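Numbering (the UniProt record's numbering), first residue to last: 1 to 383.
The structure appears right after this line, and notes come after that.
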Amino acid sequence: MVADLTRRPGTDMPLPPLTQIPPQIAAVADYEDYARERMSDAAWAYLSGGAADEHTLRANREAYVRVRIQPRVLRDLAGGGTGLDLLGTPLPFPVLLAPVAYQKLVHPQGELASVLAASAMKTVMVASTQSSIGLEDMARAAEAPLWFQLYFQRERDDTLRLVRRAEAAGYRALVVTVDAPINGVRNREQRLGFGLPPDVEAVNLRGMRPMAGAVARAGESAIFGSGALDGAPSWDDIAWLRSATRLPLVLKGILAPADARLAIDAGAAAIVVSNHGGRGLDTVPATLEALPWVAAEVAGRLPVLMDGGIRRGTDVFKALALGSTAVMVGRGYVHGLAAAGAVGVIHVLHMLRTEFEIAMALAGCRTLQDIGRNALWPHPAIA
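Laid out in structure tokens, this is it:
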């Protein structure tokens, strides 16, 4: 820990955002300590915690260590690049900003700073249903494409109202989170008594009926029959949504190859291999472990994105080599946001792109199409 980042002992007084990026920040992971010192203990637990014992949270990072890149030499790299087309949108590099709720918890500008950064880097930001800035306000500030992450609400009318607002505001796709009908067991948040401060709320959900909490007396079920699953979506709801909107549907939270097949049958335009950042069900596979199995099932029929644990450009490279079309970064960019606002998020994206291009060059890959299994060292972990 850098000495000037240390809080006064026994206090929970976050430091103000950085006014310039110090030279000690040379990698995405370097932002973590700076972000921690600028967040309350409760907000840090919310952002950084995972489900239960956090095995999956750790596995998301550890999985990248087990996969090795196969370097190639003396390859012709002239005319290379990292551009791609994703759902009709040209992007300069395959890294998007994942949906992260309540960003005003970490910086006064919240999601508006992240929108500014995504615009500067010409990439897609996925705005959360539970954003602390209104979806229309984000759209007005954006100079790059936005996608809207959709949680199904208890009432279909409320869900449809969110969809119509996203359509009217110019969002290019709906990213439907399908792996969180209820929250996971988040002990780290429980131990610190996490709750939203008065000036932070899910502004897009004002006036809507909230989802029921998982609370019950001893001897009663906290989940089944308690109302906690009221409004939980099913494949029928995906079919209904597909018929109700012109926007492409991206289903986020796929780990099982069988669910990828169902997503294709349901008319999804893309899927996201995700375990909700390790915040849902603990001890499920790391996303990088699940990715090749899901990609094999999809067999190129639609784009496959993934998230979870990305901190390096080599992580992006490995994800593409194992079948991902592009990746979403979550905690890494929010650490940049907490530390330095929009400039921090821009810096995170810039470092990831630069590291990714260096990895491509040293592995002998001129374009994204050159990044396949043969760009990885053969190993049982990716067999």
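Beta carbons are placed, not taken as given, at the ideal position from N, Cα and C, and that holds for glycine.
Every value quoted in this text rests on a predicted model; they were computed, and no experiment measured them.
Would residue i pass as a contact of residue j if the rule is Cβ separation under 9 Å?
i           : j    : result
A169        : A269 : no
V95         : A326 : yes
S119        : A98  : no
P285        : L322 : no
T123        : L91  : yes
residue 384 : E111 : Residue 384 is absent from the model: the chain starts at 1 and stops at 383.
residue 388 : G336 : Lying before the first or after the last residue shown, residue 388 is absent from the chain, which here runs from 1 to 383.
G344        : Y46  : no
I310        : V329 : yes
G313        : T354 : yes
Should residue i be labelled buried (16 or more other beta-carbon atoms within 10 Å of its own) or exposed?
i           : result
R72         : exposed
D76         : exposed
residue 384 : Past the boundaries of the shown model lies residue 384; the chain is included only from 1 to 383, so the question cannot be answered.
S274        : buried
M13         : exposed
P9          : With a pLDDT of only 40 at P9, under 50, the local geometry of the prediction cannot be trusted, and the value read off the model is given with reservation. With fewer than 16 other Cβ atoms within 10 Å, it is exposed.
G195        : exposed
Compare the C-alpha of residue i against each of the options and name the closest.
i    : options                   : result
A166 : A375, A127 and D199       : A127
N187 : V203, L229, W147 and G49  : G49
P17  : R38, Q24, D33 and R246    : R38
M138 : I254, L116, D158 and G308 : L116
A295 : S324, Y46 and G309        : S324
R301 : V175, P233 and I271       : I271
P197 : R156, A42, A340 and R312  : A42
A361 : R164, V28 and F317        : F317
L15  : P23, R36, A26 and P22     : R36
S234 : G227, A180, L320 and R140 : A180
E62  : T287, R331 and G134       : T287
So what's residue i in DSSP terms, helix, strand or just coil?
i    : result
A269 : coil
G330 : coil
D307 : strand
L320 : helix
V343 : helix
L192 : helix
L262 : helix
V185 : coil
G231 : coil
G277 : helix
Could you check if residue i belongs to the surroundings of the ligand PLP, using beta carbon to heavy atom distance under 8 Å?
i    : result
A290 : Looking at this structure, you won't find the ligand PLP or any other ligand, since it has none at all.
Where in the stretch 113-145 do unbroken runs of the alpha helix (DSSP H), each at least 4 residues long, occur, reported from the N-terminal end onward? Uninterrupted alpha helix (DSSP H) stretches at least 4 residues long and entirely within the stretch 113-145 occur at 135-141, given in chain order.
Start-end ranges of the alpha helix (DSSP H) lying completely within the stretch 144-183, minimum 4 residues: Taking only runs of at least 4 residues, the alpha helix (DSSP H) segments lying wholly in the stretch 144-183 are 156-169.
Whole runs of the beta strand (DSSP E) within the stretch 22-106, excluding any shorter than 3 residues: Fully enclosed beta strand (DSSP E) runs of 3 or longer: 84-86, 89-91 and 95-97.
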